[in-house]
Amino acid sequence: MQLELHATLEDRRVAALAAAAIGLTLAEAAIPLPLPGVKPGLANIVTLVVLYRYGWRTAAWVAGLRIVAGALALGQFLTPAFVLSLSGGIASLLLLALMIRLPARWFGPIGLSVLAAFAHIAAQLLVVDAWLLPGASILGLLPLFLSAAWITGLVNGFAADHLLHTQESTP
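Following the numbering used here from start to finish, the sequence shown increments by one per residue and tops out at 202.
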């Protein structure tokens, strides 16, 4: 008995978009970071563009595939780094699922990006506090991580907004 799978146009779209996000994740891993644990989150640009172009379900697929495949490619699957990435990704996606339903005049790609970055770092800090460093006081690091989330959220939001507007004006 032979099982045949047929890829739909949607399957191909998700695969291509996930590949772009995975590529950004791998490129980001090669960038020297000034602070441990603070990454630019470039793949989130792809997630935001996908969210606006194809909806939350497709964005969730792209983000999930990116997190798992990126961890596999970097040798981090099922490590604490993977758990942190997964928890941040889930928190961001849940927040985006709620926020995307609000009127667009309230939150555009830039605002959503900043909020998603805050959700991402909040989830990661909760995992660190509850699992990796229970009892250690990480409150002193909060201003640093929130500042980094704000900056990376803004930068990624502006990039996603630019891509969305570039795609709109392309014939």
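Glycine included, each C-beta is placed from N, C-alpha and C at the ideal position.
For residue 52, the enclosing alpha helix (DSSP H) has its first and last residue at 40-60. For residue 76, the uninterrupted alpha helix (DSSP H) run begins and ends at 74-85, by DSSP. Within the model, the alpha-carbon separation for residue 137 versus residue 130 is close to 9 angstroms. With a cutoff of 9 angstroms on beta-carbon distance, residue 57 and residue 77 are scored as not near each other. The beta carbons of residue 118 and residue 147 sit about 13 angstroms from each other, so the pair does not count as a contact at 8 angstroms. Listed in chain order, the non-local C-beta contacts of residue 128 below 6 angstroms within the same chain comprise 87, local neighbours out to five positions each way being set aside. Here residue 49 has 93, 96 and 97 as same chain residues with Cβ atoms under 6 angstroms from its own Cβ, once five neighbours each way along the sequence are excluded.
Membership of residue 150 in the alpha helix (DSSP H) is indicated by the continuous run 140-158.
In the same chain as residue 114, and ignoring 5 residues on each side of it, the C-beta atoms closer than 7 angstroms to its own belong to 158, in chain order.
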